[in-house]
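Residue numbers (this note's numbering), protein chains in the order written: chain A, 23 to 319; chain B, 871 to 1226.
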């Protein structure tokens, strides 16, 4: 697997404010990688450095095992945080122009533009000036600008912000296709529920350092708390008196609780069975929001 | 993709957009009309040779030889009548006496009198009218072209910054390709527009059959004017691009470009008002910002030695190369600073922030 985009020990300061400290993570081939962090955590700066729009003070970005060059970067698709298009150009002309700047021939650029606009539901607007479009549609054009040249790598800064749910699905479909074709896809978002739903891998950044990185599943396991959910036949209120248990939620027959270190979960189960039937018992995987909160502390 | 291939794509877009721009089309049409009007109209207004009615048959041959349009009338009364009716410009009646309405018809009088031969020992090298008009026209052409097209480069740069598309552009192609494409496109458009106007003016001169002495006199000055103009224009164009990148919004552009506006305007007025001041003109013809105007004017007035334009052109070429780097560095240093106006010093220092 050589189609890996690696960020290696990148540091960057603006004046005396260090915004990235030794940032390191991989974006794997064919993986949808979510890049999450609070505002100002360093997501945009990292992405700008990956695209060569900004220089790093130290560290490097590697692609396919080699330092990233400008030529290789031509095959990247980038959607910057600050959206931008030529307002006085027509939708199709604009996308064709950007495709050609990425090295496509005139014919290929035209064909790819038509196909993509069709898929994004913009075919009937292709001759309109961008400034005449609604914001939602401008956002779709922006997506087209990042995807038109069939990029080998996608780096998208908040690609879903400003999109209606229908457009989110369309864009998601396109991104999944690119990932399925083997492209590493990195996208940032602060909507954690969206990221949780979409991504295979996660990179969490806070204060310019990477706090957690890995597959979503792996992260959930490694950040799993000793937290359990139980559902019994009758009222579950007795559980708060069980040794080593901290009750978090109680709703009739259902309860969610944490166990103190060293407490045996099977002990709790046996106690429950002694009182009557147990309908469900098991550990609760943390949500992304909880992991995020934990690593940000 | 190579930098030059990318620059060509940028230039092609720039030209396509400009050719669709109404302001550009209108200004071109306007200048073409001016060119036609200033060459063809004077000839039309003059309305051909003076018409003269003659009753004194002895004067007919002399008048015809002077190229006047002569009509013979039977008597003095008839001559006076056609003159009063406005059918002729003057009349020659018996005497001979010349009649006219409100102005002595010099050509008629001249045709009928014998003037002694005249020899000027120190003639003006150049017709005094041309001596004023040609420097003014050259200075004006350079001023207007470098100002309006320069401003357009700056606006086009600021537009990309303001609409934020610049980040996508810079992530796709080298900053230098973007700059070169823009400057190249506008330079081509500027010279295309001038060439078109010159062609129409020249055609107008041919059609209207204007005195070709003008063309042969202006010719050598124009020959030198072209290389000065091209180098001067390109030097300024890159600076305009740098200034455009300093501004984050079109509203900031006027302020950010003030020093450059001065650098274009002051030489124009200096040459205009100090044309007759030989020492000042000599200095102006070596300063890169005023040389494109001052040196051709000195050449036109035959004030410059043969080596002078060569040296001045060399200085201009060197400074154009230097300013090309200055403009490019300011452009690169400020292009991605989208928060407010960037100072020149900051732009100069922050060049290293853009990745290679």
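For glycine and all other residues, C-beta sits at the position ideal for the given N, C-alpha and C.
Cα-Cα separation between residue i and residue j, rounded to whole angstroms
i, j, result
"residue 1042 of chain B", "residue 875 of chain B", "12 Å"
"residue 1003 of chain B", "residue 1103 of chain B", "22 Å"
"residue 51 of chain A", "residue 1188 of chain B", "51 Å"
"residue 1138 of chain B", "residue 905 of chain B", "21 Å"
"residue 290 of chain A", "residue 74 of chain A", "55 Å"
"residue 1099 of chain B", "residue 882 of chain B", "23 Å"
"residue 47 of chain A", "residue 312 of chain A", "21 Å"
"residue 324 of chain A", "residue 1145 of chain B", "Chain A is shown from 23 up to 319; residue 324 of chain A falls before or after that span and cannot be answered."
"residue 908 of chain B", "residue 1066 of chain B", "15 Å"
"residue 1032 of chain B", "residue 1118 of chain B", "6 Å"
"residue 136 of chain A", "residue 1038 of chain B", "20 Å"
"residue 1068 of chain B", "residue 966 of chain B", "48 Å"
"residue 931 of chain B", "residue 939 of chain B", "11 Å"
"residue 111 of chain A", "residue 1176 of chain B", "50 Å"
"residue 925 of chain B", "residue 948 of chain B", "8 Å"
"residue 1181 of chain B", "residue 1070 of chain B", "33 Å"
"residue 288 of chain A", "residue 234 of chain A", "31 Å"
"residue 1136 of chain B", "residue 1142 of chain B", "10 Å"
"residue 970 of chain B", "residue 944 of chain B", "18 Å"
"residue 99 of chain A", "residue 126 of chain A", "13 Å"
"residue 271 of chain A", "residue 319 of chain A", "23 Å"
"residue 1218 of chain B", "residue 154 of chain A", "37 Å"
"residue 880 of chain B", "residue 1036 of chain B", "12 Å"
"residue 1201 of chain B", "residue 1195 of chain B", "10 Å"
"residue 205 of chain A", "residue 30 of chain A", "19 Å"
Cut-off 7 Å between Cβ atoms - residues of its own chain near residue i, not counting five sequence neighbours on either side
i, result
"residue 1106 of chain B", "1016, 1020, 1134"
"residue 975 of chain B", "920, 959, 960, 968"
"residue 1226 of chain B", "Unreliable placement is indicated for residue 1226 of chain B, whose pLDDT of 40 sits below 50; no coordinate value is reported for it."
"residue 1095 of chain B", "1008, 1166"
"residue 872 of chain B", "none"
6 Å Cβ shell around residue i - same chain, five flanking residues per side excluded
i, result
"residue 888 of chain B", "894, 1059"
"residue 1222 of chain B", "The predicted model places residue 1222 of chain B with a pLDDT of 47, which falls under 50 and marks its position as unreliable, so this point remains unresolved."
"residue 258 of chain A", "275, 277"
"residue 977 of chain B", "920"
Extent of the continuous beta strand (DSSP E) run through residue i
i, result
"residue 921 of chain B", "921-924"
"residue 54 of chain A", "54-58"
"residue 227 of chain A", "223-228"
"residue 364 of chain A", "Outside the displayed span of chain A (23 to 319) sits residue 364 of chain A, for which this structure offers no information."
"residue 970 of chain B", "967-970"
"residue 159 of chain A", "Per DSSP, residue 159 of chain A belongs to no beta strand (DSSP E); it is in the alpha helix (DSSP H), 157-169."
"residue 1211 of chain B", "Looking at the DSSP string, residue 1211 of chain B is not in any beta strand (DSSP E), and its letter there is neither H nor E."
"residue 939 of chain B", "939-942"
Unbroken alpha helix (DSSP H) run spanning residue i, endpoints
i, result
"residue 1165 of chain B", "1161-1170"
"residue 935 of chain B", "930-935"
"residue 313 of chain A", "310-317"
"residue 1200 of chain B", "1177-1204"
"residue 233 of chain A", "Run containing residue 233 of chain A: none in the alpha helix (DSSP H); it sits in the beta strand (DSSP E), 231-237."
"residue 182 of chain A", "No alpha helix (DSSP H) holds residue 182 of chain A; DSSP gives it neither H nor E."
"residue 975 of chain B", "Here residue 975 of chain B belongs to no alpha helix (DSSP H), and DSSP marks it neither H nor E."
"residue 280 of chain A", "Not the alpha helix (DSSP H): residue 280 of chain A falls in the beta strand (DSSP E), residues 276-281."
"residue 324 of chain A", "Residue coverage of chain A in this structure runs from 23 to 319, which leaves residue 324 of chain A outside it and unanswerable."
"residue 252 of chain A", "Here residue 252 of chain A belongs to no alpha helix (DSSP H); instead the beta strand (DSSP E) covers 249-254."
"residue 191 of chain A", "187-202"
"residue 1153 of chain B", "1148-1154"
"residue 1040 of chain B", "1036-1042"
Interface residues of chain A facing residue i [CB-CB closer than 8 Å]
i, result
"residue 1035 of chain B", "106, 107, 108"
"residue 1044 of chain B", "92"
"residue 876 of chain B", "123"
"residue 879 of chain B", "119, 122, 123"
Chain B contact residues for residue i, given Cβ-Cβ distances below 9 Å
i, result
"residue 167 of chain A", "1035, 1038"
Contacts around residue i, its chain only, beta-carbon distance under 8 Å, and the 5 residues preceding and following it disregarded
i, result
"residue 144 of chain A", "113, 159, 162, 163, 166"
"residue 186 of chain A", "158"
Chain A residues whose Cβ lies nearer than 9 Å to that of residue i
i, result
"residue 1219 of chain B", "The premise fails here: residue 1219 of chain B is roughly 11 Å from chain A at the closest Cβ pair, so nothing lies under 9 Å."
"residue 1152 of chain B", "Here the premise fails: no neighbours, minimum Cβ distance about 47 Å."
Neighbour list for residue i in chain A, Cβ cutoff strictly below 7 Å
i, result
"residue 871 of chain B", "96, 125"
Amino acids of chain B, ordered along the chain, whose beta-carbon sits closer than 8 Å to that of residue i
i, result
"residue 102 of chain A", "1034, 1037, 1038, 1041"
_What are the residues in the stretch 1112-1144 of chain B lying within 8 Å of chain A by C-beta distance?_
none
*Of all the residues that make up the stretch 1054-1071 of chain B, which are near chain A by a beta-carbon distance shorter than 8 Å?*
Contact residues of the stretch 1054-1071 of chain B toward chain A are absent (C-beta to C-beta distance below 8 Å).
*Give, in chain order, every residue of the stretch 117-129 of chain A whose Cβ lies closer than 7 Å to some Cβ of chain B.*
119, 120, 122, 123, 124, 125
*Residues of the stretch 1167-1200 of chain B whose Cβ lies closer than 7 Å to any Cβ of chain A, in chain order*: none
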